[in-house]
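Protein chains in written order, with this note's numbering: chain A, 368 to 582; chain B, 368 to 582.
There are 2 protein chains.
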Amino acid sequence: MVQKKEKRPRGRPRAYDPETALARATDAFWRAGFSGTSLDDLSAAMDMNRPSLYGAFGDKRALYLAAMDRYIERGRQGMRAALDEAVPLADGLRRVYELALAMYFPQGDVALGCFLVGTAATESVADDEVRRKLGEGLRTFDRAFEMRLRAAQRQGELDADADPVALARLASAILHTLALRSRAGDSPASLRATAEAGIRLICGRPPEKRTRRQS
Amino acid sequence: MVQKKEKRPRGRPRAYDPETALARATDAFWRAGFSGTSLDDLSAAMDMNRPSLYGAFGDKRALYLAAMDRYIERGRQGMRAALDEAVPLADGLRRVYELALAMYFPQGDVALGCFLVGTAATESVADDEVRRKLGEGLRTFDRAFEMRLRAAQRQGELDADADPVALARLASAILHTLALRSRAGDSPASLRATAEAGIRLICGRPPEKRTRRQS
DNA sequence: CTTTTTTTGTACCATGTCGAACAAAAACGT
DNA sequence: ACGTTTTTGTTCGACATGGTACAAAAAAAG
Numbered sequence: 368m369v370q371k372k373e374k375r376p377r378g379r380p381r382a383y384d385p386e387t388a389l390a391r392a393t394d395a396f397w398r399a400g401f402s403g404t405s406l407d408d409l410s411a412a413m414d415m416n417r418p419s420l421y422g423a424f425g426d427k428r429a430l431y432l433a434a435m436d437r438y439i440e441r442g443r444q445g446m447r448a449a450l451d452e453a454v455p456l457a458d459g460l461r462r463v464y465e466l467a468l469a470m471y472f473p474q475g476d477v478a479l480g481c482f483l484v485g486t487a488a489t490e491s492v493a494d495d496e497v498r499r500k501l502g503e504g505l506r507t508f509d510r511a512f513e514m515r516l517r518a519a520q521r522q523g524e525l526d527a528d529a530d531p532v533a534l535a536r537l538a539s540a541i542l543h544t545l546a547l548r549s550r551a552g553d554s555p556a557s558l559r560a561t562a563e564a565g566i567r568l569i570c571g572r573p574p575e576k577r578t579r580r581q582s
Numbered sequence: 368m369v370q371k372k373e374k375r376p377r378g379r380p381r382a383y384d385p386e387t388a389l390a391r392a393t394d395a396f397w398r399a400g401f402s403g404t405s406l407d408d409l410s411a412a413m414d415m416n417r418p419s420l421y422g423a424f425g426d427k428r429a430l431y432l433a434a435m436d437r438y439i440e441r442g443r444q445g446m447r448a449a450l451d452e453a454v455p456l457a458d459g460l461r462r463v464y465e466l467a468l469a470m471y472f473p474q475g476d477v478a479l480g481c482f483l484v485g486t487a488a489t490e491s492v493a494d495d496e497v498r499r500k501l502g503e504g505l506r507t508f509d510r511a512f513e514m515r516l517r518a519a520q521r522q523g524e525l526d527a528d529a530d531p532v533a534l535a536r537l538a539s540a541i542l543h544t545l546a547l548r549s550r551a552g553d554s555p556a557s558l559r560a561t562a563e564a565g566i567r568l569i570c571g572r573p574p575e576k577r578t579r580r581q582s
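Pasting the structure below:
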């Protein structure tokens with residue numbers, strides 16, 4: 368157990384990297400949804416032929432569930448980093464929303480929005496496991512906001528009588544509206560404005576009446 | 368033109384009512400999404416055989432677009448009624464969210480969430496027309512909120528320096544999070560709480576510190 | 001009653017889809 | 001070098017899917 372030696376396995380080496388293959392599968396699902404993505408599409412996107420794909424990830428559904436897990440975990444890590452308690456609450460929120468927008472609008476590509484909103488939300492009615500994972504993912508993001516808000520409250524950055532749980536849900540609501548609207552054709556600029564308005568509401572209006580001039 | 372006499376058309380009378388057929392098609396799409404709903408599913412749900420369906424609505428995509436139009440129009444009407452200027456702003460918002468939750472959680476059925484979030488968001492990346500309609504639909508709902516917020520501002524119900532456009536987007540954000548979370552397995556009760564928190568934030572906290580007791 | 005017009009219902013077709021069978025290929029161990 | 005083990009690539013097959021052709025049916029018009 369101590370030495371995780373890179374012992375090559377016995378048979379023919381695999382021609383793909385599981386992580387990048389999963390990333391490409393995620394991208395394919397992202398564009399057309401679960402039902403709208405065929406195994407041929409996946410096979411082409413992942414550059415794996417069907418049997419390899421089947422052997423590596425199981426059937427289409429298992430592959431999709433793995434893509435969900437990966438997406439949620441990466442989102443969690445991104446939020447954890449963005450919500451560093453060393454940066455002010457408002458800046459942390461802004462960083463989260465910027466991170467989200469960077470994902471929702473890939474460079475030189477059409478707007479993709481959020482993977483969960485764009486694909487899992489559709490499947491969740493018919494597929495219990497997808498619904499479970501989707502719920503767990505959203506709660507994960509809620510919790511990340513909530514932890515940060517609690518810290519802000521402890522540090523006096525946030526009103527003592529604020530409700531961190533409720534505010535966290537609203538911070539997520541901003542995320543959800545960005546996710547949805549980016550898929551509806553809204554521009555990054557307009558979404559940034561919406562995010563800013565949300566941040567102002569969540570953090571509480573500054574003590575003095577805010578002027579339009581920025582510091 | 369004056370007398371819209373119920374002149375029966377020439378041939379065999381149709382065995383279906385177009386409006387209810389479209390409603391049933393909407394329901395079918397709602398559960399499985401556009402790609403996940405087959406023509407057989409639709410044919411069964413609408414109680415029309417394939418050629419009749421084709422003759423009445425065109426192909427599957429045209430049928431889906433018609434379902435979108437119907438859904439958006441009904442949503443618009445519902446919001447217009449709920450946001451009656453005679454009722455206080457907070458109550459109006461509450462009525463909108465209650466209306467939404469009533470749609471998202473049909474009696475004696477699984478949670479369906481919002482039709483647009485659950486189905487159009489998936490298709491919108493690949494289908495320009497769906498994306499256009501989705502964006503227009505969301506903006507329609509934004510505008511309904513915005514109109515009401517402007518009225519509230521005129522009546523002094525809302526701060527004079529509030530931004531109706533931004534607040535309307537946030538009111539929609541609450542709607543979007545309800546739509547998404549209802550599909551993720553959240554309970555109506557928890558969503559109601561989220562909606563209430565959103566209403567408090569949008570309407571501004573009441574002058575005195577709010578106590579838990581209700582009038 | 002016959003003709004005309006429109007809808008219905010059955011059957012069909014080309015294609016797409018998921019999943020699997022099977023042999024060739026590429027590595028390791030002896 | 002030879003067998004073992006694992007992955008790859010080709011191929012196949014059963015089935016679902018979107019869409020259509022065509023005759024029977026049901027109503028009005030003549």
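Every residue, glycine too, gets a C-beta built ideally from N, C-alpha and C.
Within-8 angstroms CB hit, residue i to chain B
i: Arg580(A); result: Because the pLDDT at Arg580(A) is just 43, under 50, the model does not fix this residue reliably, and the value given afterwards should be weighed accordingly. False, the Cβ-Cβ gap to chain B never drops below 8 angstroms.
i: Gly523(A); result: no
i: Gly485(A); result: yes
i: Gly422(A); result: no
i: Leu432(A); result: no
i: Ala533(A); result: yes
i: Ala449(A); result: no
i: Asp436(A); result: no
i: Asp530(A); result: yes
Chain A contact for residue i (CB, 8 angstroms cutoff)
i: Leu537(B); result: yes
i: Leu505(B); result: yes
i: Arg391(B); result: no
i: Ala540(B); result: yes
Same chain, Cβ closer than 8 angstroms to residue i, neighbours up to 5 away in sequence not counted
i: Glu575(A); result: Because the pLDDT at Glu575(A) is just 43, under 50, the model does not fix this residue reliably, and the value given afterwards should be weighed accordingly. Result list for Glu575(A): empty, nothing under 8 angstroms.
i: Ser539(A); result: Leu505, Phe508, Asp509 and Phe512
i: Asp526(B); result: Gln520 and Gly571
i: Leu406(B); result: Arg417, Leu420 and Lys427
Sequence-distant residues of its chain with Cβ nearer than 6 angstroms to residue i (five each side left out)
i: Pro555(B); result: Leu468 and Phe472
i: Glu490(B); result: Phe401 and Val497
i: Gly565(B); result: Ile541
i: Gly403(B); result: none
i: Leu430(B); result: Ala392 and Phe424
i: Ala412(B); result: Arg391 and Ala395
Boundaries of the alpha helix (DSSP H) in which residue i is found, first to last residue
i: Cys570(A); result: Pro555 to Cys570
i: Ser491(A); result: Here Ser491(A) belongs to no alpha helix (DSSP H), and DSSP marks it neither H nor E.
i: Gln444(A); result: Lys427 to Ala449
i: Met415(A); result: Unbroken run through Met415(A): none, as it is neither H nor E.
i: Glu386(A); result: Pro385 to Gly403
i: Leu463(A); result: For the sequence presented, residue 463(A) should be read as Val rather than Leu. Here the alpha helix (DSSP H) through Val463(A) covers Leu456 to Tyr471.
i: Ala540(A); result: Pro531 to Arg550
Presumed contact (8 angstroms Cβ cut-off) between residue i and residue j, rounded CB distance
i: Ala493(B); j: Arg398(A); result: 6 angstroms
i: Gly445(A); j: Leu466(A); result: 5 angstroms
i: Gln520(A); j: Pro531(A); result: 6 angstroms
i: Ala551(A); j: Leu534(B); result: Not quite, the Cβ-Cβ distance comes to about 19 angstroms (not below 8 angstroms), so this is no contact.
i: His543(B); j: Val463(B); result: Their Cβ separation, rounded to whole angstroms, is 13 angstroms, which puts His543(B) and Val463(B) out of contact at 8 angstroms.
i: Ala560(B); j: Cys481(B); result: That belief does not hold up - the Cβ atoms of Ala560(B) and Cys481(B) are roughly 19 angstroms apart, past 8 angstroms.
i: Arg548(A); j: Leu558(A); result: 6 angstroms
i: Gly459(A); j: Leu450(A); result: 4 angstroms
Close Cβ partners of residue i (< 7 angstroms) along its chain, the five nearest in sequence each way excluded
i: Ala434(B); result: Leu389, Ala392, Thr393 and Phe396
Any non-hydrogen atom of the ligand FMN closer than 7 angstroms to residue i Cβ
i: Thr387(A); result: Although the ligand FMN was asked about, the structure shown includes no ligands whatsoever.
- Message: Which residues of the stretch 395-416 of chain A have a Cβ closer than 7 angstroms to any Cβ of chain B? Give them in chain order.
- Response: Arg398, Ala399, Gly400, Ser402 and Gly403
- Query: Between the stretch 544-568 of chain A and chain B, which residues of the former have a C-beta closer than 9 angstroms to a C-beta of the latter?
  - Reply: Thr544, Leu545, Ala546, Leu547, Arg548, Arg550, Ala551, Gly552, Asp553, Ser557, Ala560, Thr561, Glu563, Ala564, Gly565, Arg567 and Leu568
- In the stretch 460-485 of chain B, which residues sit with their C-beta less than 8 angstroms from some C-beta in chain A, listed in chain order? Val477, Ala478, Leu479, Gly480, Val484 and Gly485
- Item | the stretch 488-502 of chain A: positions lying closer than 8 angstroms to chain B by Cβ | Ala488, Thr489, Glu490, Ser491, Val492, Ala493, Arg498, Arg499, Leu501 and Gly502
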